[in-house]
Amino acid sequence: MDTQLLSAFIKVAEHQSFSIAADQMGLTQSAVSKRIALLEEQVTQPLFDRIGRQIFLTYAGKALWPRAKDILDAIKDTQRFMLAQQGDVKGELRLATSHHIGIHRLPPILTAYTQQHPNVHLQLHFIDSESASHAILHGEFDLAVITLPKVIDKDGSSNIQYHPLWEDPMNIVVHHKHPLKGRKNVTLQDLSTYPAILPDISTRTTQLVQQLFSEKQLALNITMTTNHLDAIKMMVSVGLGWSTLPERLLDKTLHTLPTAGIHLTRELGCLHRRHRTLSNAAREMLRHLKIKYEK
């Protein structure tokens with residue numbers, strides 16, 4: 001089977017649209033339709049049902065979809081393997097990261113990397129940490145630098161390889177005129193009576209906070225949510241509530257509360273698909289990530 005035909009089939013199946021697939025592939029809709037027709041001729045079965053303006057995979061199409069992905073993945077993996085044998089650091093590198101890490105951790109790393117490897121076409125994508133594993137497993141990115149989940153695989157049983165990189169201490173912060181400012185020690189009981197601004201409950205950050213409150217059987221009064229920590233910093237600085245933020249975000253616009261006994265730390269790291277050959281570009285990026293750059 002021709003890989004171009006399989007690529008067109010996968011794009012159409014993913015988006016359930018010939019026009020969107022054509023746009024993403026840089027082809028005309030007619031060209032994509034011809035590729036699907038040729039593939040259907042080769043497999044001697046229709047792959048899509050066309051009902052009005054909507055399209056759906058047929059039984060044969062559903063059976064082919066995962067196999068087509070496996071075929072293309074195997075070809076790409078072989079290409080990466082053969083390129084790695086040459087020792088050249090070049091080609092495309094798809095790197096995903098969260099906004100916070102991308103803005104506050106990666107700049108010196110990316111600067112050093114791009115200067116040392118000008119022949120690498122680096123594509124940087126911003127993504128929520130919680131979406132990274134799914135995206136890596138589905139081949140959307142080569143590497144992802146994110147907040148690691150609570151439990152990471154250490155025995156090699158999962159399809160994700162984790163590389164812990166940094167500990168990220170968190171602090172409880174408020175506006176300078178917040179009622180809790182001036183306390184010698186602030187407890188969870190104190191915090192429970194005031195509005196909190198935190199990321200979505202699906203995030204590792206909020207799960208850590210929620211766990212502390214649940215252990216004390218206290219209510220966590222979340223009044224606003226956003227996954228952008230810089231936005232949370234702004235909302236806290238204007239007095240909309242308290243939050244927990246990484247040390248790297250702290251400045252004179254915020255007041256850090258003394259919270260003896262409250263310890264919050266996230267683990268940041270890199271992940272990639274296990275058992276898939278990393279390109280030389282990806283290997284070099286992983287090496288750069290492990291170098292201790294100055295803040």
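Just so you know, we're using the UniProt record's numbering here: the sequence shown kicks off at 1 and counts up by one. Glycine is no exception: its CB is placed at the ideal position from the N, C-alpha and C atoms. Since the structure is predicted, the reported quantities are computational estimates derived from the model, not experimental observations.
Point to revise | Where Thr58 sits in the DSSP three-state scheme | key: coil
Exercise for review: Answer with buried or exposed for Ser142, where buried requires no fewer than 16 other C-beta atoms within 10 angstroms of its C-beta.
Suggested key: Per the sequence presented here, residue 142 reads as Asp, with Ser not at that position. So Asp142 ends up on the buried side.
Check your understanding: Which whole-angstrom value describes the C-beta separation of Tyr162 and Gly269, a residue pair presumed to lie in contact below a C-beta threshold of 8 Å?
Key -> 6 Å
Review point. In whole angstroms, what separates the C-alpha of Arg287 from that of Asn280?
Key: 10 Å
Point to revise | Limits of the unbroken beta strand (DSSP E) element including Thr223 | key: Ile222 to Thr225
Practice item. Return the residue from the list Ile103, Arg35, Trp166 and Ile109 that minimises the CA-CA distance to Ile4. Key: Before going further, note that residue 4 is Gln rather than Ile in the sequence given. Here the closest residue by C-alpha is Arg35.
Exercise for review: Thinking Thr256 and Asn159 are a contact (beta carbons under 8 Å), I'd like their distance in whole angstroms, please.
Suggested key: About 40 Å; that fails the 8 Å criterion.
Exercise for review: For Arg273, write down the residues that DSSP places opposite it in a beta bridge.
Suggested key: Ile160
Check your understanding: Any idea if Thr78 is buried or exposed, counting beta-carbon neighbours within 10 angstroms, 16 or more meaning buried?
Key -> exposed
Point to revise | Identity of the residues DSSP links to Trp166 by a beta bridge | key: Leu268
Exercise for review: Would you mind listing the beta strand (DSSP E) stretches within the region 195-248 that are 3+ residues and don't spill past its ends, in chain order?
Suggested key: 196-198, 222-225 and 243-246
Exercise for review: Can you check DSSP and say which residues form a bridge with Asn171?
Suggested key: Leu245
Point to revise | For Leu95, the three-state DSSP class (helix, strand or coil) | key: strand
**Study point:** Contacting residues, own chain, Cβ-Cβ under 8 Å from His104 (five flanking each side not counted)
**Key:** Pro246, Arg248 and Leu249
Check your understanding: Residue range of the beta strand (DSSP E) that Asp49 falls in?
Key -> Phe48 to Ile51
Check your understanding: According to DSSP, is Leu254 helix, strand or coil?
Key -> coil
Review point. How should residue 297 be labelled, buried or exposed, when 16 other C-beta atoms within 10 angstroms of its C-beta is the threshold for buried?
Key: Since the displayed the chain opens at 1 and closes at 295, residue 297 lies outside it and no answer follows.
Review point. Mapping DSSP to helix, strand and coil, what is Gln16?
Key: coil
Practice item. Taking only the alpha-carbon atoms, compute the straight-line gap between Val145 and Arg273 and give it to the nearest angstrom. Key: 13 Å
Review point. Is the CB-CB distance between Ile51 and Gln16 below 8 Å?
Key: no
Check your understanding: Roughly how many whole angstroms lie between the Cα atoms of Ile10 and His176?
Key -> 54 Å
Review point. Between Asn221 and the rest of its own chain, which residues show a CB-CB distance below 8 Å, the 5 nearest in sequence each way excluded?
Key: Ser192, Thr193, Tyr194, Pro195 and Ala196
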